[in-house]
Every structure is written in C-alpha cells, then in structure tokens.
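Chemist: In the numbering used here, the protein residues as written are 23 to 222.
Structure representation (structure tokens):
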C-alpha cells in the first residue's frame, strides 16, 4: 500500500514528496532515507530521548552513515512517522527481524514537541499491523526504562504485555536503570478490539 504525501522537511521548511510505505488511521509511514539524517540527529540529540532509549548522541555524519547501513539491512524496516500535514514527528522501526522464528523488535522515537498527541500509539499500532498483517511475525518485543511512564502507557494501550524487567540493563549518567520488557503475540493481536491500519 503506497501513496504519495507532501511533507515539510528540515529547517528551511522546503517541501518534498514522499512515498508512503504504509498508511494507518491517522498517520502514514515513509521509509527512512539518508536525507532524513538531520531530523533523526535532532531527535537523537534530545536528552530525554537519549536517556529513555539508552542511546549516545552521535554526530550528523555518524547518523547519516548509520542510516545508510540500516537501509541495506534486510533484518529491519525504519520509517518516518507522518501525521496529516506531512511534518515528520518521529521514527518507528521494526528491527532484529527473524523471519524463520517470526520475531522482531519495535523501536519508537518522537520529537519533543509532538509527544502527548497520540502519534506514538498510532505509529506503534501501524507498525504492529504491518508486522502481523503483512509479514510472517508471531512475536514482537519492545523495551523501555521502567520510569518512562508515557512509553509504558503506549505499549500497554497497543496491547503489549510486560513480561518482566531486565535489572540494571542500561547505564546513563553514571547510574544503572532497569528496562521493562514487553511483548505482543499474534494471537493477542488477533483479538485486539481496534481498527487495523488497512481499515483507514
């Protein structure tokens, strides 16, 4: 399912046409490209994101090189999150895909000013529908800090179940943090009472 959407991009607010890889109820997902490196770099540089995702700030060049490598990686799909209007608000990824076992991990990152508007839930639901409705996935996992209340709420709202806690799994600013481990299985997704992305 592909469509085109006009998006605003970068600091200069120039418009570009992006092909959507997936459309859901209130958002579209466009494949991440090396031209998106500045956006991703700005989101990764947010101290809240760095803490909650357990990532290091990187140079723009390093982010661009990482995106280039990831594009060629058959075990992952990375998308910009595009609400109506087309301004990218974040990133969602389906990573560590194992087609034989039907497993993958979900990653999600939103720009600070776009948090709290429902974009995270919409993006997570969309990528989950992609994984279970179009790909042969059976189990999806996600991790977040145990003190990341917004992410815990989004995962729960999208049907994920907390399986446990990875104790002291992440080091940030000299302190160890626990990670909450979540999963969603295909049979659990089958019975979720919500419209699917393709019902948009």
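Think of the CB as a built atom: it goes at the ideal place given N, C-alpha and C, for glycine as much as any other residue.
From the DSSP output, in three-state form, read off residue 64 for me.
Modeler: helix
Chemist: Below 7 Å CB to CB, which residues in the same chain sit around residue 16 once its five sequence neighbours on both sides are set aside?
Modeler: The requested residue 16 is not part of the displayed model; the chain covers only 23 to 222.
Chemist: Check whether the region 139-156 touches the region 101-111, taking contact to mean three or more Cβ pairs, one atom from each stretch, closer than 8 Å.
Modeler: yes
Chemist: Three or more C-beta pairs closer than 8 Å, one from the region 185-192 and one from the region 115-134: is that the case here?
Modeler: no
Chemist: So what does DSSP say about residue 24, is it helix, strand or coil?
Modeler: With a pLDDT of 38 at residue 24, under the threshold of 50, the modelled position of this residue cannot be trusted; read the value that follows with caution. Here residue 24 sits in coil by DSSP.
Chemist: Return the chain-ordered list of same chain residues with a C-beta closer than 8 Å to the C-beta of residue 33, the five sequence neighbours on each side being excluded.
Modeler: In this prediction, residue 33 scores a pLDDT of 38, lower than 50, which makes its location untrustworthy; the coordinate-derived value is nonetheless stated afterwards. For residue 33, where only same-chain residues beyond five positions count, the Cβ hits under 8 Å are 60.
Chemist: Taking just the CA atoms, how far does residue 218 sit from residue 199?
Modeler: 35 Å
Chemist: Under the three-state reduction of DSSP, which class applies to residue 98: helix, strand or coil?
Modeler: coil
Chemist: With 16 as the cutoff for other CB atoms within 10 Å, does residue 195 come out buried or exposed?
Modeler: exposed
Chemist: Just to confirm my understanding: we take residue 161, look at its own chain, exclude 5 residues before and 5 after, and list those with CB closer than 7 Å. What are they?
Modeler: 124, 125, 205 and 207
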